[in-house]
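When the sequence shown is numbered by the working numbering, its final residue is 232 and no position is left out of the sequence of numbers.
No residue lacks a Cβ here, since even glycine has one placed at the ideal position from N, Cα and C.
Only one structure is covered here, and it is reproduced in the block below.
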Amino acid sequence: MARVSDDDFILDTPLVREFVAGVRATIAEAASPAEACDAIRPRFADLLADPEWLPARYQEGDPESGMGGGIGQWLLFRAGDRSLTLFALVVPSGSQTPIHDHLAWGLVGLYRGTQDEEIYARDERGTLERVEARALAPGDFYALLPPRDDIHRVRTTSPETSVSLHLLTNDTGCVWRHAFDEGTGEATPFRSGYVNVECPPA
Ligand SMILES: [Fe+2]
């Protein structure tokens with residue numbers, strides 16, 4: 031039985047271990063999340079550019095998805111203290127996520143396929159406003175630095191599924207976060223879960 035303090039390398043390869051070690055060393059030296067994200071960029075770009083390291087099973091959708099739309103969220107690494115995760119988000123062609131937040135800073139980048147991303151901001155009355163829309167191609171990535179850019183929706187525009195990589199500083203699949211109604215801005219708590227790892231009971 032794994033202890034809570036144990037790191038979990040679900041995809042346990044030298045490449046993933048080296049990536050995580052490098053990220054941790056960078057975060058330890060950085061003065062702020064923004065500085066850490068900047069310093070991790072070259073390493074993250076290398077991961078997105080390498081077509082070999084992510085096994086096919088982590089690039090499949092999930093019919094039982096906690097996000098709906100057959101979306102698969104595959105955990106690849108989780109720190110024992112839950113302060114860092116690396117996971118793949120697989121969105122089938124034509125599917126889209128709900129509008130959602132992440133509640134953690136980190137980097138998100140596209141590995142396979144293409145996506146349209148819409149970014150939202152909430153005003154003081156809780157109303158959602160779409161502040162940006164952009165098309166993403168493989169290799170494109172961006173930093174999430176909440177509250178900036180933390181609320182978004184992605185839709186796969188390619189005929190094949192899209193796969194994006196998330197390096198975030200929480201246990202994103204297991205924390206309670208929010209899905210938002212586009213019209214009213216109403217926030218509904220949800221846990222997306224992971225395809226391959228159970229979350230603790232709610
Ligand atoms: Fe997201």
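Residue(s) in a DSSP beta bridge with residue i
i    : result
W104 : A118
P219 : H208
A180 : It should be pointed out that residue 180 corresponds to Asp in this sequence rather than to Ala. D180 is not bridged to any residue.
L78  : Beta-bridge pairing links L78 to no other residue.
L41  : Paired residue(s): none; L41 is not in a bridge.
A165 : D146
Counted within 10 angstroms of its Cβ, other Cβ atoms place residue i as buried (16 or more) or exposed
i    : result
D179 : buried
G143 : buried
E147 : buried
S95  : buried
S125 : buried
V161 : exposed
D76  : exposed
G156 : exposed
G213 : exposed
R87  : exposed
T218 : exposed
D131 : buried
A134 : buried
T43  : exposed
R164 : exposed
Neighbour flag for residue i against chain C, beta carbons, 8 Å
i   : result
A75 : Looking at the structure shown, chain C is missing, and only one protein chain is on hand.
Nearest-angstrom Cβ-Cβ length linking residue i and residue j, presumed shorter than 8 Å
i    : j    : result
P122 : T191 : 5 Å
T199 : S62  : The Cβ separation is near 12 Å, so there is no contact.
F210 : L175 : Actually they do not touch by this definition, with Cβ atoms about 19 Å apart.
I181 : R152 : 7 Å
Q145 : L116 : That belief does not hold up - the Cβ atoms of Q145 and L116 are roughly 19 Å apart, past 8 Å.
Q103 : L119 : 5 Å
message: Whether or not the segment 133 to 142 and the segment 157 to 172 are in contact is what I'm after, with contact meaning three or more pairs of Cβ atoms, one per stretch, closer than 8 Å; do they touch?
response: Pairwise C-beta distances place the segment 157 to 172 in contact with the segment 133 to 142, as three or more of them are shorter than 8 Å.
- request: Starting from the N-terminal end, write out each residue whose C-beta falls within a distance shorter than 6 Å of any non-hydrogen atom of ligand 1.
  value: Close to ligand 1, as judged by a C-beta nearer than 6 Å to any of its heavy atoms, are the residues H130, H132, H182, in chain order.
field: Validate contact between the segment 100 to 117 and the segment 50 to 59 using beta carbons, cut 8 Å, 3 pairs
entry: The segment 100 to 117 and the segment 50 to 59 touch, with no fewer than 3 CB-CB distances between them shorter than 8 Å.
Segment contact, 8 Å Cβ cut-off, at least three pairs: the segment 71 to 86 with the segment 201 to 219: With the cut-off at 8 Å, the segment 71 to 86 and the segment 201 to 219 do not touch.
contact_flag[the segment 83 to 103, the segment 61 to 71] where n(CB pairs < 8 Å) is 3 or more: Touching, no, given that fewer than three Cβ pairs across the two stretches are closer than 8 Å.
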